[in-house]
Amino acid sequence: MKTVTARAFSNIAFIKYWGNTDDQLRLPVNSSLSMNLDGIYTETSVRWDEALASDELTLNNEQASGASLNRVVAHLDSIRQRANIQTYAQVLSSNNFPTGAGIASSASAFAALTLAATQAAGLDLNKHELSTLARIGSGSASRSIPAGFVEWHKGESHDESYAESIAAPDYWDLVDVIAIVNSGHKAVGSREGHHSANTSDLQGARVAGAAQRLEICKKALLERDFATFAEVVEHDSNLMHAVMMTSRPPLFYWLPPTLAIMEQVRLWREVGLHVCYTLDAGPNVHCLCLAQDADEVKAGLTKLTGVEQVRSAIPGGAAHVISVSEG
Ligand code: PMV
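The structure is reproduced here in structure tokens:
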């Protein structure tokens, strides 16, 4: 028996994933593009143990039950099937950031779990397969497997829907400066959100233009063209939130400081700072900027009303194993 511990970074999407064509397999309606967040991670240890009568999960030092445990058990079922084992697992997982508040914890969590659990089961999977397996746990987790700047190809089947690195972390000096306006747990998680995306009249229009936005964003990234990048990233985030707000029931993730920060970011850009905003399914604002402007952005955000905390991350690496112990 061995215990494998893996670490995976969270990621922030430049072109968003919102809605599935297949909820079970988590095949997304559109491809997406993201950056891993160095230093913002989940660390997960897995030990398959013949003596256990069920899976056990400790999350941030507390014994988990209910929905979080069920979701992990369902994911372990997929891994048991892949590894052809029946054994239960002991899982210890912790995040070094607030859970469920717009820093995607499910992305890093399911990427780390997939890597640790497969390795502990004796499988040595390539990144493609790890990414497809992680996707079953949480769509965005597929993007936390490879390094740096990542594209998730939507694909038409389980094998085809995977994420791959399009540029190494050091390709572009971007920094994600995150203004945390509410570190509590969000009311409606992304799982329900993906499900209701199609109830918005705007989802069709968002999806129709997604491939083109992704191409524009990818080209801007590869050419390090910040002005083009900023416009398309903000537009894509606005489109996703327009879909959220017009879904039935509607999802309003913004809080008053959220909008104030978004306006401020646009003003900063007008006066020459290289910064733009993007938001996930939460009220916190990810301010993507060039490294040369990061200190000024951080200082500016800290002064704004309603900002509880500011964190920042440079592009992060791939999910990786940090320790293996026998016994
Ligand atoms: O992987 P999920 O189900 O947590 O979905 C993530 C959805 C967004 O964060 C809102 C967008 C994205 O592409 O990361």
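Note that the numbering used here has the sequence shown beginning at 861, numbered continuously upward.
We put the beta carbon where it would ideally sit given N, CA and C, even for glycine.
Please read these numbers as outputs of a predicted model, since none were measured by experiment.
Contact criterion: CB-CB distance below 9 angstroms. Does valine 1041 meet it with respect to chain D?
The structure shown contains no chain D; it holds only a single protein chain.
Less than 9 angstroms separating the beta-carbons of leucine 912 and threonine 947?
Stepping through the sequence shown from its first residue, residue 912 is reached at position 52. Stepping through the sequence shown from its first residue, residue 947 is reached at position 87. Their beta carbons are under 9 angstroms apart, which means leucine 912 touches threonine 947 by this criterion.
DSSP state of isoleucine 1076, grouped into three classes?
Within the sequence shown, residue 1076 is the residue found at index 216, counting from 1. It is helical.
Out of Ile1174, Val1093, Ala1027, Ala1001, which has the shortest C-alpha to C-alpha gap to lysine 876?
The residue given as residue 876 occupies position 16 in the sequence shown. Looking at the Cα atoms, Val1093 is the closest of the given residues.
Measuring straight from C-alpha to C-alpha, what distance separates methionine 895 and aspartate 915?
Along the sequence shown, one-based indexing puts residue 895 at 35. Along the sequence shown, one-based indexing puts residue 915 at 55. If you take the alpha carbons of methionine 895 and aspartate 915, they lie about 32 angstroms apart.
Are the segment 974 to 983 and the segment 879 to 889 in contact at 8 angstroms, needing three or more beta carbon pairs?
Counting Cβ pairs under 8 angstroms, fewer than three are found: no touch.
Does the segment 1155 to 1170 come within contact of the segment 1108 to 1127, defined as at least 3 CB pairs closer than 8 angstroms?
yes
By a C-beta neighbour count over all protein chains shown, 10 Å radius and 16 as the cutoff for buried, is phenylalanine 1112 buried or exposed?
Stepping through the sequence shown from its first residue, residue 1112 is reached at position 252. Classification of phenylalanine 1112: exposed, given that the 10 Å Cβ count is below 16.
Would you say glycine 1008 and serine 991 are within 9 angstroms of each other, going by their C-beta atoms?
Here residue 1008 corresponds to residue number 148 of the sequence shown, with the count starting at 1. Here residue 991 corresponds to residue number 131 of the sequence shown, with the count starting at 1. In this structure, serine 991 does not lie closer than 9 angstroms to glycine 1008 by Cβ.
Looking at C-beta atoms only, is the number of pairs between the segment 1035 to 1043 and the segment 1131 to 1149 that lie closer than 8 angstroms three or more?
By the Cβ criterion, the segment 1035 to 1043 is in contact with the segment 1131 to 1149, since at least three pairs of Cβ atoms, one from each stretch, lie closer than 8 angstroms.
Taking the runs of the beta strand (DSSP E) that are 3 residues or longer, which of them lie wholly in the segment 1047 to 1103?
None, since the segment 1047 to 1103 contains no complete beta strand (DSSP E) of that length.
Taking the continuous beta strand (DSSP E) assigned at methionine 895, which residues delimit it?
Numbered from its first residue, the sequence shown carries residue 895 at position 35. Segment 892 to 909, the beta strand (DSSP E) holding methionine 895.
Within 8 angstroms: the Cβ of glycine 926 and any heavy atom of the ligand PMV?
On the sequence shown, residue 926 is found 66 positions in, with the first residue counted as 1. The answer is no for glycine 926.
Tell me, please, which residues DSSP counts as bridged to serine 870.
Along the sequence shown, one-based indexing puts residue 870 at 10. In the DSSP output, where bridge partners are listed per residue, serine 870 has Leu897.
Between which two residues does the alpha helix (DSSP H) holding serine 965 run?
For the purposes of this step, residue 965 is taken as the residue at position 105 of the sequence shown. Per DSSP, serine 965 belongs to the alpha helix (DSSP H) from 965 to 980.
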